[in-house]
Amino acid sequence: MLSDYHSYLGFYLCARKIRNIISDHTTLKMTPDDIKNYPKKLEQSEFYTGLVFIIKKYFNRRLNIRYTDDLLTFELIDVFGNQIAFSELSDGEQSLLSMIFVMYGYDLGHGMLIVDEPEIHFHPQMQRSFSRMIERINHNIGTQFILSTYSPLFINESNI
Numbered sequence: 140m141l142s143d144y145h146s147y148l149g150f151y152l153c154a155r156k157i158r159n160i161i162s163d164h165t166t167l168k169m170t171p172d173d174i175k176n177y178p179k180k181l182e183q184s185e186f187y188t189g190l191v192f193i194i195k196k197y198f199n200r201r202l203n204i205r206y207t208d209d210l211l212t213f214e215l216i217d218v219f220g221n222q223i224a225f226s227e228l229s230d231g232e233q234s235l236l237s238m239i240f241v242m243y244g245y246d247l248g249h250g251m252l253i254v255d256e257p258e259i260h261f262h263p264q265m266q267r268s269f270s271r272m273i274e275r276i277n278h279n280i281g282t283q284f285i286l287s288t289y290s291p292l293f294i295n296e297s298n299i
């Protein structure tokens, strides 16, 4: 669905935005105050809370960001508190997560995203979730989606 380049770039842009939220400095090193206060700064950020919300809603997992040894680490935590590596997600979940990072990383509010045959990556239940997600994103931030699809699950009276 997304090229590896755009997936990585979307993730990188999200990580960079998070870094800018928690550090008010132009240097790569965070100050002790930045390290101490980063969870509070994240919770006050509309960008971060929106990202956490959408991941919780569509993955039933919590996004956790840790800062250790000058590195930001993104983790998914399941309902039992277990850490889930991104590589442990199904192909469909990885595709959906990549798309979320691209939308948030590129600031696609009032932008456009073209998705070619999402049914290739998603089983029917995930197709429905994806369809609801893009309708909600369109309603909330104005991102337009153009889908090329053979799946009837993406087509209804409200989106034709």
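So the sequence shown is numbered by our numbering: it starts at 140 and just counts up by one. Glycine residues also receive a C-beta, built at the ideal position from the N, C-alpha and C atoms.
- Straight across, the Cα-Cα distance linking V254 with K180 is about 33 angstroms.
- Taking the Cα positions, I273 is about 22 angstroms away from Y144.
- At least 7 angstroms separates the beta-carbon of E256 from that of T282.
- Boundaries for I160: no beta strand (DSSP E) harbours it, while the alpha helix (DSSP H) harbouring it runs D143 to I161, taken from the DSSP string.
- The beta carbon of F261 is closer than 7 angstroms to those of G231 and F269 in its chain, skipping five residues each way along the sequence.
- If you ignore the 5 residues before and after M169, its C-beta comes within less than 6 angstroms of the C-beta of S162, all in its own chain and listed in chain order.
- Taking C-beta separations shorter than 7 angstroms and ignoring five residues to either side along the sequence, the partners of L252 in its chain run M242, T282 and F284, following chain order.
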